[in-house]
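Protein chains: 2
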Amino acid sequence: MNELTERQKLILTLIVHEHTHTTQPVGSKAMVNKYNLRMSSATVRNEMAALTDLGYLRQPHTSAGRIPTEEGYRIFVSKLVQRTNLPMTTRRTISHQFYQSRQDLEQWLRLAASILANQSQAASLVTAPHSEKALFKHLELIATRGHQILLVMVLVGGEIRQQIFSLPEPISQEQLSTIATKITNLCQNCSADQLDALHPQLDPVGKEILVVVQEEMALSEKLITGDIYLDGMTNILAEPEFAESEEARQALKLLEERSLLEDLLARTIMTSTIGGVQVLIGGEGTWDELRQCSIVLARYGSPGVLTGTLGVLGPMRMPYGHTISTVRFVADVLSDLVTETLIN
Amino acid sequence: MNELTERQKLILTLIVHEHTHTTQPVGSKAMVNKYNLRMSSATVRNEMAALTDLGYLRQPHTSAGRIPTEEGYRIFVSKLVQRTNLPMTTRRTISHQFYQSRQDLEQWLRLAASILANQSQAASLVTAPHSEKALFKHLELIATRGHQILLVMVLVGGEIRQQIFSLPEPISQEQLSTIATKITNLCQNCSADQLDALHPQLDPVGKEILVVVQEEMALSEKLITGDIYLDGMTNILAEPEFAESEEARQALKLLEERSLLEDLLARTIMTSTIGGVQVLIGGEGTWDELRQCSIVLARYGSPGVLTGTLGVLGPMRMPYGHTISTVRFVADVLSDLVTETLIN
DNA sequence: TTTAGCACTCTCGCCTCGAGAGTGCTAAAA
DNA sequence: TTTTAGCACTCTCGAGGCGAGAGTGCTAAA
């Protein structure tokens, strides 16, 4: 808690930097040589001992160099890493890819995941954006075979939900279209709750359909409704700390099991604002699977209207500066795209 | 090519069986003991030598036991594995899960992937079914902000495609609805080509929209349009042959890179018939990434109308009997569901 | 407060060595 | 002719030993 001296900050920064590059514990002598420090290795050793006592460094075993602890990374990320921007050329390349791709939400999300994975050489995840409050915009009903009916609903913001259901009696396409038009006109911009008031105005079939509509709207409001796009999972396997596959399995399992992933996103994302980037280091005591990992997350979209989450999962030894800038930049680009094309 | 003797078949079968269970090379003496063979280890050794000459077995190094070669697995799968059915209880459990889940294609596909992964303890993949010939059923146009228009199209079979595009001039929702209704009425059950004939009947805006419709239909006919559901990738990491992560990376990379995966499916699936299960062993000389793996694939759906692919990717040392039955059974269940609910 | 010097510790790669498992071959038995 | 017993040989694998190298902590001097 006590403020670190400038020299301690420098040494901690250098150790983090060196270790993220070499993967190895870093020793006092080697460090003095490499960075031409204007002090002796003994001095560095003393400072290292102090930082170790403070809990920011540790030794894998006696008489090895030091590596940062979780706490060390945390202080590095919160205080020491300088906010950098991605180089202009990189930014242009990324923007370019988005603007020349097919104008299609799914493509964008896939692309975002791919860019994050490549830039960070780690695993990436991107959730589809969804309305924080589902508002009805348009309903379409299409008869398929027999009693089966395909319901296609569009929400304000362009989210599309579809569902197949059946009615007790067969019904013609004309009748369905009439009902769909009626509901579309009545329900403009309504939330799921507001639809309750409309039940009296509808015939029995219409009521039944309205219930399905309400169900779908409710589902849409739950945190993560749509797809989650993952990429770069194999990057994780390339990291030396995951050479023994068991460790890697743990981390990838988290990405694979939607329920775990949703839980993670739900718990962390609520606190983060658009534009802000959140860094989770070592599972923060809650997620055992992530003991060796860090996650860098950001929200994108239009706050309060249509938002999604994107981020990167990699080893705790991660180039935080670069990763954070990348995540922030991709989030910004995606926010612009989503806002421009989907919000009305 | 020469027919194997009964005894050779027995020995090959036992070696495959034993090796899939232990992961270890299997030796003559151990085998005689374990299976109480009515012959001496020397006899077994002679037969093993013969099978090795034929190319069905190999030794990881001199004076180790034998393991099957790719060719050995191939002959095992094509001739020796007996076609078994899943036990009744397993089948019931699986069916049950499908029928009690939400009646929703996406859920089913996800579930299928999950069941395949769990049953086979390997990675699984399931592609969304798609029409082999895209036939128009229904069109909806929704104005969003400014010139942006959301196009929602339903194909015969229930496949939904959506696309955002813009027109040079702003246009009202009423006008859009009129156009959509007109196209819907004119184009019932038409293929993309047939739509060409309709251009003269439409005003300029209608023509422009029809072009987008045709583009979407063309896209839908390309082999794999929709999502691919993957599951159980971490199972692969648990296999001892993938302990050094490099090997595992190769295999997982294939699953992660959509383009590779689509290529794989495109090349293999064409030859396989519904109900038939296809087994690809060791990449078949074409896919280097799969040198250590096998894939068990089947198509599901309604032949010629709406079909998809599902399968399992695991180590070459795989319990083929069980995996094949599982893939076949899940494909059958999914075929029924798809046929019942989506085909009209 | 910083630095030089020094004894000590721990890992890592390399080597050796013996146990264990399995083979191929030969000659005898069925 | 086919099967089997016996035997010498080969190869892996794990344990143990050893030395080099890197790093530390401590003490005493600058």
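Chains A and H supply the protein sequences, listed in that same order.
Here the first sequence is numbered in numbering that gives the first Met the number 0, starting from 0 and rising by one per residue.
Here the second sequence is numbered in numbering that gives the first Met the number 0, starting from 0 and rising by one per residue.
Ideal Cβ positions, reconstructed from N, Cα and C, are used throughout, including at glycine.
| Check | Outcome |
| --- | --- |
| Please report the straight-line C-alpha distance between A:Phe135 and A:Lys181, rounded to a whole angstrom. | 13 Å |
| Does the segment 49 to 56 of chain H come close enough to the segment 0 to 11 of chain H to have 3 or more Cβ pairs within less than 8 Å? | yes |
| List, in order along the chain, the chain A residues whose C-beta lies closer than 9 Å to that of H:Gln102? | Gln162, Ile163, Phe164, Ser165 |
| Ignoring anything shorter than 3 residues or poking outside the segment 161 to 196 of chain H, list the beta strand (DSSP E) runs there in chain order. | none |
| Can you check whether the CB of H:Ala142 is closer than 9 Å to the CB of H:Thr124? | According to the sequence provided, residue 124 of chain H is Leu. The question's Thr does not apply to it. No. |
| Rounded C-beta distance between A:Leu79 and A:Lys8? I'm assuming under 8 Å. | 6 Å |
| Does the beta-carbon of H:His129 have 16 or more other beta-carbons within 10 angstroms, so that it is buried, or is it exposed? | buried |
| Where are the alpha helix (DSSP H) runs, 4 residues long or more, that stay fully inside the segment 75 to 119 of chain A, in chain order? | 87 to 99, 104 to 119 |
| How is the beta strand (DSSP E) around H:His137 delimited, first residue to last? | 135 to 142 |
| Consider the Cβ of A:Ala242: report whether some Cβ of chain H lies at a distance smaller than 9 Å. | yes |
| Closest to A:Gly313 by CA distance: which of A:Leu11, A:Thr183, A:Asn32, A:Gln120 is it? | A:Gln120 |
| Should A:Ala237 be flagged as near chain H, meaning a C-beta pair shorter than 9 Å? | yes |
| Beta-carbon within less than 8 Å of A:Ser190's beta-carbon, same chain only, minus the 5 sequence neighbours each way: which residues are those? | Lys132, Ala133, Leu134, Phe135, Met216 |
| What does H:Val210 touch in chain A if you count any residue whose Cβ is under 9 Å from its own? | None at all; the shortest Cβ gap to chain A is about 15 Å. |
| Along the chain, where does the beta strand (DSSP E) containing H:Gly300 start, and where does it finish? | 292 to 301 |
| Taking C-beta pairs closer than 9 Å, name the residues in chain A that H:Gly192 reaches, listed in chain order. | Per the sequence shown, the amino acid found at residue 192 of chain H is Asp instead of Gly. None at all; the shortest Cβ gap to chain A is about 23 Å. |
| Pull out every residue of the segment 140 to 160 of chain H whose Cβ sits closer than 7 Å to any Cβ of chain A, in chain order. | Ile141, Thr143, Arg144, Gln147, Leu149, Val151, Val153, Gly157, Ile159 |
| Where does H:Met216 sit, in a helix, a strand or coil, going by DSSP? | helix |
| Give the range of the beta strand (DSSP E) segment to which A:Gln200 is assigned. | Premise fails: A:Gln200 is in no beta strand (DSSP E) and is neither H nor E. |
| Just the C-alpha distance for H:Glu69 and A:Val311, rounded to the nearest angstrom, thanks. | 39 Å |
| Kindly list, in the order they appear in chain H, the residues whose Cβ is closer than 8 Å to that of A:Thr306. | Result: empty, since nearest Cβ-Cβ is about 18 Å, beyond 8 Å. |
| What residues in the segment 249 to 264 of chain H bring their beta carbon closer than 8 Å to a beta carbon of chain A? | Leu251, Lys252, Glu255 |
| What first and last residue would you give for the alpha helix (DSSP H) that runs through A:Tyr34? | 27 to 34 |
| Return yes when at least one heavy atom of the ligand ATP lies under 8 Å from the C-beta of H:Glu245, else no. | In terms of ligand content, the structure shown is empty, and the ligand ATP therefore cannot be addressed. |
| Can you give the beta carbon distance from H:Leu279 to H:Ser293, rounded, assuming they're within the 8 Å contact cut? | 6 Å |
| By the criterion of Cβ-Cβ separation under 9 Å, what are the contact partners of A:Asp230 in chain H? | Glu255 |
| Answer yes if the segment 160 to 180 of chain H comes into contact with the segment 101 to 110 of chain A, meaning at least three C-beta pairs across the two stretches below 8 Å, and no otherwise. | yes |
| State the DSSP-derived secondary structure class of H:Gly54, mapped to helix, strand or coil. | coil |
| Alpha carbon to alpha carbon, what distance is there between H:Ile93 and H:Leu85? | 10 Å |
| When the Cα of A:Gln277 is compared with those of A:Tyr319, A:Asn234, A:Gln118, which residue comes out closest? | A:Tyr319 |
| For the 8 Å Cβ check, are there 3 or more pairs between the segment 16 to 27 of chain H and the segment 326 to 334 of chain A? | no |
| Quick test of your reading: A:Val304 and H:Val151, contact by CB under 8 Å. State the CB separation rounded to the nearest angstrom. | No, A:Val304 and H:Val151 are not in contact; Cβ-Cβ is about 21 Å, not under 8 Å. |
| What is the DSSP secondary structure of H:Gly123, counted as helix, strand or coil? | The amino acid at residue 123 of chain H is misidentified as Gly; the sequence shows Ser. H:Ser123 falls in the strand class under three-state DSSP. |
| When the Cα of H:Glu173 is compared with those of A:Asn184, A:Leu175, A:Ile178, which residue comes out closest? | A:Asn184 |
| Could you pull the start and end residues of the alpha helix (DSSP H) that A:Met232 belongs to? | 232 to 237 |
| What's the gap between the Cα of A:Leu336 and the Cα of H:Pro167? | 20 Å |
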